[in-house]
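Before any comments, here is the structure.
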Amino acid sequence: MLILSRKQEESVVIGNDIILKVVSIDKGSVKLGFEAPPKTLILRAELTEAIRSENTKATNDSVNMDMLDALGMQLKLKRSKEMNAKDKFKKEQNSKKL
36 MLILSRKQEE
46 SVVIGNDIIL
56 KVVSIDKGSV
66 KLGFEAPPKT
76 LILRAELTEA
86 IRSENTKATN
96 DSVNMDMLDA
106 LGMQLKLKRS
116 KEMNAKDKFK
126 KEQNSKKL
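Going by this note's numbering, the first residue of the sequence shown is number 36, and it counts up by one from there.
The following block contains the structure:
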């Protein structure tokens with residue numbers, strides 16, 4: 036970790052397009068200003084942990100892939116039986132016409 040000392044109104048450049056500026060210093064608090072391209076996501080550390088936790092929860096709540104596969108197989112089997120029944124019915128109808 037790089038540690039730098041900065042006074043109020045001093046800045047640090049990160050990469051080519053991010054500027055971190057010390058806006059004000061109060062008792063126990065430092066206000067920082069960020070200049071960065073709009074596509075750059077800047078979050079407080081506690082928010083990144085909350086987002087990570089929500090993403091993990093969403094993943095755990097998602098549908099079980101094994102269950103989806105089993106349901107897909109059941110649907111294919113049902114469709115196959117329906118198609119066989121339709122084919123059998125058509126053959127019976129055709130044989131009656133002859």
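C-beta: ideal position from N, C-alpha, C; glycine also.
As the structure is a prediction and not an experimental result, all values here were calculated from the model.
Looking only at DSSP bridge pairs, what is E70 linked to?
According to DSSP, E70 bridges with I54.
Would you report the Cα separation of V47 and T94, rounded to the nearest angstrom?
Approximately 37 Å between the Cα atoms of the pair.
So if DSSP puts L46 in a beta bridge, which residue, or which two residues, is it bridged to?
First, the amino acid is wrong: residue 46 is Ser here, not Leu. Answer by DSSP bridge pairing, in chain order: K56.
Considering only residues of the region 75-106, which uninterrupted beta strand (DSSP E) runs meet the minimum length of 3 residues and lie entirely inside it, listed in chain order?
The region 75-106 contains no whole beta strand (DSSP E) run of 3 or more residues.
Would you say K125 touches the ligand MN, meaning its beta carbon is less than 8 Å from a heavy atom?
The ligand content of the structure shown is nil, which means the ligand MN is not present either.
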